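Chains A and B, in that order, give the protein sequences.
Per numbering that gives the first Met the number 0, residue 0 is the first one in the first sequence, and the count goes up by one each step.
Per numbering that gives the first Met the number 0, residue 0 is the first one in the second sequence, and the count goes up by one each step.
Structure, as structure tokens:
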Amino acid sequence: MNLSPAKFARKRWLKWLDRRIKPSREIRLDQSKIFIFPSRYGFFYLLTALMLFIGGINYENSLILNLCFLLVSLFIISILHTFRNLSGLVIKAGNSEDSFAGGQSLFDVILKREGEKAHQALNIIWHDNESGAKDVSDQFETKTRLILDTPTRGLFKPNRLKIQSTFPLGLIRAWSWVDIDMNSVVYPKPLQGELMQDDEADHGDGQRKVSRGQDDFDQLRRYQVGDSLKNIAWKHYARGQGLHTKVFTGYQSESEWLSWDSVSARNIEDKLSILCYWVLKFTEDNKLFGLSIPGTTIEPAVGKAHEKKCLKALALYGIDSSASGVKA
Amino acid sequence: MSHAIYPIPRNSLIWLLVSVSLALLPHFTRLPEWMWGVALAALLWRIQVFRERWRFPNKWLRVAFVFGGAAAIFYFYGTLLGPEAGVALLTLAYTFKLLEMYRERDAYLIVILSYFVIATNYLFERGLFSTLYSLFVAVVITASLVGLNQSRFNSDFKKTFVLAGRMMLHSVPLMLVLFVLVPRISPLWSMNLDNNKAKTGISDRMTPGDISELSKSSELAFRAEILSGPVPKEQDMYWRGAVFSIFDGRTWSVDRELFAAKRDIWHGIQLPNEKSSDETFESRIHYKVFLEPTNQEWVFALPFAEVRHRDLSMSFNLTWSREERITNSLSYEAISYPDYSNQVNQVDFIERELNKQLPSSGDIRSRAWAIKQYRRLEEDPEKFIEFLFRHFNQEPFSYTLRPTPLQINTIDQFMFTTRNGFCTHYAGAFVFLLRSVGIPARMIGGYQGGDISDSGNYITVRQYSAHAWAEAWLPGKGWTRFDPTMAVAPERIFDGAEGLINDANFLADSPLSPYRMRNWPILASLRNSLEHLDYLWTKWVVGYNSSTQYEFLGRFMGRVTPEKIAYALALIGGGCVLIFAFLLIWERPRNKPDPMDRLYLKFCERLARKGFKREPKEAPFDFAKRVSEQLPQIANKVNRITALYVKSKYGVTASGTEINRNQGPNRDRLGSLYYELKQEIRSLKV
Chain A
0 MNLSPAKFAR KRWLKWLDRR IKPSREIRLD QSKIFIFPSR YGFFYLLTAL
50 MLFIGGINYE NSLILNLCFL LVSLFIISIL HTFRNLSGLV IKAGNSEDSF
100 AGGQSLFDVI LKREGEKAHQ ALNIIWHDNE SGAKDVSDQF ETKTRLILDT
150 PTRGLFKPNR LKIQSTFPLG LIRAWSWVDI DMNSVVYPKP LQGELMQDDE
200 ADHGDGQRKV SRGQDDFDQL RRYQVGDSLK NIAWKHYARG QGLHTKVFTG
250 YQSESEWLSW DSVSARNIED KLSILCYWVL KFTEDNKLFG LSIPGTTIEP
300 AVGKAHEKKC LKALALYGID SSASGVKA
Chain B
0 MSHAIYPIPR NSLIWLLVSV SLALLPHFTR LPEWMWGVAL AALLWRIQVF
50 RERWRFPNKW LRVAFVFGGA AAIFYFYGTL LGPEAGVALL TLAYTFKLLE
100 MYRERDAYLI VILSYFVIAT NYLFERGLFS TLYSLFVAVV ITASLVGLNQ
150 SRFNSDFKKT FVLAGRMMLH SVPLMLVLFV LVPRISPLWS MNLDNNKAKT
200 GISDRMTPGD ISELSKSSEL AFRAEILSGP VPKEQDMYWR GAVFSIFDGR
250 TWSVDRELFA AKRDIWHGIQ LPNEKSSDET FESRIHYKVF LEPTNQEWVF
300 ALPFAEVRHR DLSMSFNLTW SREERITNSL SYEAISYPDY SNQVNQVDFI
350 ERELNKQLPS SGDIRSRAWA IKQYRRLEED PEKFIEFLFR HFNQEPFSYT
400 LRPTPLQINT IDQFMFTTRN GFCTHYAGAF VFLLRSVGIP ARMIGGYQGG
450 DISDSGNYIT VRQYSAHAWA EAWLPGKGWT RFDPTMAVAP ERIFDGAEGL
500 INDANFLADS PLSPYRMRNW PILASLRNSL EHLDYLWTKW VVGYNSSTQY
550 EFLGRFMGRV TPEKIAYALA LIGGGCVLIF AFLLIWERPR NKPDPMDRLY
600 LKFCERLARK GFKREPKEAP FDFAKRVSEQ LPQIANKVNR ITALYVKSKY
650 GVTASGTEIN RNQGPNRDRL GSLYYELKQE IRSLKV
């Protein structure tokens, strides 16, 4: 492996973090998880104290020295206060929403306090998104919603989130990198493409493939909620026979199959994207369809739940669902 | 306003403006009046910007402000360097920065500048109360830091200040540890505060009229702590400082060349010692002086003094001085031998010759008169001096702090025409007359008297005790002190400056001076305690330098070594931090019962005593129903209490609407529910 020193150091650091702060759906911050260091302003402040010290020594003025000592003491005490502000805070995973590649996904993080102690001005930084100053003081819990970019298909597992605060004086920054074990499924980005009508490439062995199209009206069935309005047999309705939906399918099977070979594309990702498009399209058109891709076969069905199931199958194609989809 | 990207939170901004005003306040007595106007204008402008009435000044206007301000300071002080002009510049930068304060970074800069503004004030004021005030300002500055770092939802004006105060209190123990233990290293480079405008003190030139200015001031000159030996009587306390040898016909001045030609003259002086065991040695006084900055080289001591301080040395004229002007408070130990006379000074003849000089012309009448009288007295110096004292005493000379101004031939005018004045007039004329007949004489500037504390171990000398007297060289006796003022106004010497209380000019500038409160017993005792407090403050805090530190630490650790200091710092300082760490961080989550629950439980307890025990899972309303059925006479009360409790606890009112326990106004409502419930339970007669 050819790793640059920076990358190597980062890898080691992440490994170390993984050992130190283990991923969990609920993490309580304590001294083993909190990092603390002076902020930029903290260093300026210490520089001020140093200048006062030199001034006090040179002017032989013990009151100036005393001011310097006061600043240093306040600095040290503010380390304790800043640490205290983060310590004991519980960070919990909330809901997350699935998304399409190139889109954004919502993640809810819940900040919770234990006992009486309030936590103030907490900032969650996750993939360059900041939550802004949040308090957990009056309420017992505070929910924070972050919107993260999901660039690639697969299981999106965000990096560790950083929770930090400079409260109360801004001289010290305390933070922690926590992995609250949240993830979201990122579907392929829909891509419009042709569906191939290849007889050879059928999923059924030796079965006759029928032509597709809405002209091949097959039968009527009773309207179900969710059926497309386009396919309603309005003539029957006008005759007072109630709502019926026209079903256009081959006589062998009532359903469409979206299969691996029914789309042609340069690569697998495009293939998945085109399939994704058709899954969305069919669901919108309220078509009965099944999905068959290597490793997964989903029996024909309609509706949102089915759509989600299919999208998830496409999203996770070729991905070990237990492994991280995005490199940290 | 393109700059307002991260506008400073309102809460913080208000605290910042307050801290700027408070930090500047003590400086204004020293700054020219126009700077008041400038600072006030800047502050108002910033407030108007905050209220969105005005805009920030644009860049060119700001540049104009800065250069205009700097030019004005240069015009006023004649320089941009030095502490006073420096403080003025800092103040200007500080107030102008307000007009440029848009972002978080600017706010932090203001905070940092505030600390410097406080620190520079310590160069001029070192009192206990002004220090306490500055610590209060530090709390306000801390509050503005808190304001910058809290979320907007939790920015309560008062809470911010309380948190800042708490943090400050937490810092105090560690601060004290650092103050006591951190070694005071010697200055890295010399910093001379050239206080040209020092308000008071004895200067190196003395024109009749100077000391009357001092008599208006009750400012502290120095304190002396008697370490061993008898406390001198007030009339014997002549704190000798400067010697004025040069007279130009109007002004007496210090011979600065003499300072330059300073050399070790101890060879010629045999000090009394234990072997001699005479009275001179026995009556010696060992004391320590805490001198306020004088901006002059010399220090004050009771003659004949041996001052023990590495930077102070003695000149030909037996004054003690330092190479550099004393611009910071200075403390030194001295041993004085009041009965010692020093005629055996081998190099003294130069000094004697120097102190015979007079201007080549002027004051002819006085010269002639002196020579005539001297001849009449057979040229006996002692008789002549005695005659002069009698002359001042018997002729219509008077002592006043508001003398008739003298123009030319000042000595003649004073001796024969005006015949009124105070110490400088009398001492000046006296020395002039002696020199006219060839007797070496010099004028001495210093302080006479001082307030001896009730405990008797320290003496406070204020500016109004400034005094001038004379020394004449007599054959066989050497330099001897004569105080011509004594001949005119002996009460000035015997009662100290107190003798002048009836003079309208005395303490005219200090209407509230402690001295004026003498006749009020309570105020006088209060004043005494304050004086004592101030003395301790000066000694142990302001005067806490390396030698005081060694003395103090030596009491606890024996020989003071760097290792011991390091251990003590680590142990005590670390201990302080650990204690606060423990108090702050390992705070166990206490399950304090809800105050409402507590009240309700109390109510249940009272009913239980009557035999109505609430079942463990019984709902409050069910319990109330059960009780009221059996005790109809209190049914109303019980129902009301239960309703109040349920309302507060579960946020459900009788009509079923919800109250949010977390929001401000409702919290207050909870508070009022609490008191209502408390009252109801109290008035419940079971």
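Glycine residues also receive a C-beta, built at the ideal position from the N, C-alpha and C atoms.
Bear in mind the structure is a predicted one, so any value in this text is a computation, not a measurement.
- A:T282 counts as buried, since at least 16 other C-beta atoms from the protein chains shown sit within 10 angstroms of its C-beta.
- Within the same chain, W14, V17, S18, L21 come within 7 Å of B:V139 by CB-CB distance, once the 5 residues on both sides are set aside.
- Where B:E332 is concerned, the enclosing beta strand (DSSP E) starts and stops at 329 to 335.
- Remark: C-beta atoms of B:V116 and B:L175 do not approach each other more closely than 8 Å.
- Linking B:K355 to B:I349 through their CA atoms gives a straight-line distance of about 10 Å.
- In this structure B:I370 is in contact with B:S435, their Cβ atoms being roughly 6 Å apart against a cut-off of 8 Å.
- By the Cβ neighbour-count rule, A:W12 is exposed, with fewer than 16 other Cβ atoms within 10 Å of its own.
- The beta-carbon of B:M485 is placed no less than 8 Å from the nearest beta-carbon of chain A.
- The CB of B:V145 comes closer than 7 Å to the CB of P167, L168 in chain A, given here in chain order.
- Using a CB distance cut-off of 8 Å, B:A569 does not count as an interface residue toward chain A.
- For B:T423, the uninterrupted alpha helix (DSSP H) run begins and ends at 422 to 435, by DSSP.
- For the pair A:I146 and A:L79, the CB atoms are not nearer than the 8 Å cut-off.
- Pairing A:A117 with B:R625, the inter-Cα distance amounts to about 41 Å.
- In chain order, L180 place their CB closer than 6 Å to the CB of B:L568, counting only its own chain and leaving out the 5 sequence neighbours on each side.
- For a Cβ distance threshold of 7 Å, residue set A118 of chain B lies close to A:G54, ordered along the chain.
- Taking 8 Å as the cut-off, the Cβ atoms of B:K636 and B:E679 count as close.
- Under the Cβ criterion (8 Å, minimum of three pairs), the stretch 171 to 189 of chain A does not count as touching the stretch 147 to 159 of chain B.
- The distance from the Cβ of B:T403 to that of B:F421 is about 12 Å, inconsistent with a contact at the 8 Å cut-off.
- Within the stretch 83 to 104 of chain A, R83, S86 place their CB atoms closer than 7 Å to a CB of chain B, listed in sequence order.
- Secondary structure of B:I633 (DSSP, three-state): helix.
- Nearest in C-alpha terms to B:N10, of all of B:R61, B:A142, B:R45, B:A92, is B:A142.
- When the five nearest sequence neighbours on each side are left out, the beta carbons in the same chain lying within less than 7 Å of the beta carbon of B:I384 are those of A471, F481, in order along the chain.
- Contact check between the stretch 215 to 228 of chain B and the stretch 411 to 430 of chain B: fewer than three CB pairs, one atom from each, fall below 8 Å, which does not count as touching.
- Three or more beta-carbon pairs drawn from the stretch 80 to 89 of chain A and the stretch 22 to 33 of chain A are found closer than 8 Å, and the two stretches are therefore classed as touching.
- For A:E59, the chain B residues whose Cβ falls inside 9 Å of its Cβ are R183, S185, P186, M190, N327, S328, L329, N544, in order along the chain.
- Leaving aside the five residues that flank A:W256 on each side, the residues in its chain whose CB is nearer than 8 Å to its CB run, in chain order, H202, F288, G289, L290, S291, P299.
- Under the DSSP assignment, B:I245 falls in the beta strand (DSSP E) whose first and last residues are 237 to 246.
- In this structure, A:L313 places its C-beta atom within 8 Å of the C-beta atom of A:P187.
- Rounded to whole angstroms, the separation of the alpha carbons of B:F280 and B:K476 is 19 Å.
- A:M181: not part of any alpha helix (DSSP H); DSSP gives it neither H nor E.
- Between A:R220 and A:H243 a beta carbon distance of about 7 Å is seen, short of the 8 Å cut, so the two are scored as contacting.
- A check of alpha carbon separations from A:N84 across A:Q240, A:A173, A:A304, A:N285 identifies A:A173 as the nearest.
- For A:S72, the enclosing alpha helix (DSSP H) covers residues 61 to 85.
- The contact set of B:R125 on chain A, defined by CB atoms closer than 7 Å, consists of L62 in chain order.
- DSSP places B:Q406 in no beta strand (DSSP E); its state is neither H nor E.
- Per DSSP, reduced to three states, the secondary structure at B:E377 is coil, with no helix or strand assignment.
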